[in-house]
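Here's the structure we're looking at; comments come further down.
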Amino acid sequence: MIKLNIHEAKTHLSKYLSELKPGERILLCKRNQPVAEITPLPEVPVQGRA
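When we follow my numbering, the leftmost residue of the sequence shown carries the number 240, and every step to the right adds one.
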């Protein structure tokens, strides 16, 4: 689990999202209190058009 304060998340969110691994999560905190959680979506196979 990656724990970030709101300022750090706003500044470097794209970096943390690109490093996020399956099953890992990002916990966003305000004044050291968790306020939100970011988790990766499960991979869904891409289907071609008919």
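Yeah, the Cβ is synthetic: ideal placement off N, Cα and C, and Gly gets one too.
Counted as a single uninterrupted DSSP element, the beta strand (DSSP E) harbouring E276 occupies residues 272 to 277. Residue environment: I265 is assigned as buried (16 or more neighbouring CB atoms within 10 Å of its CB, all protein chains considered). As computed with DSSP, K249 is found in no beta bridge at all. Counting only residues of its own chain and dropping the five nearest sequence neighbours on each side, A248 has a CB closer than 6 Å to the CB of L267.
For K242, the enclosing beta strand (DSSP E) has its first and last residue at 241 to 244.
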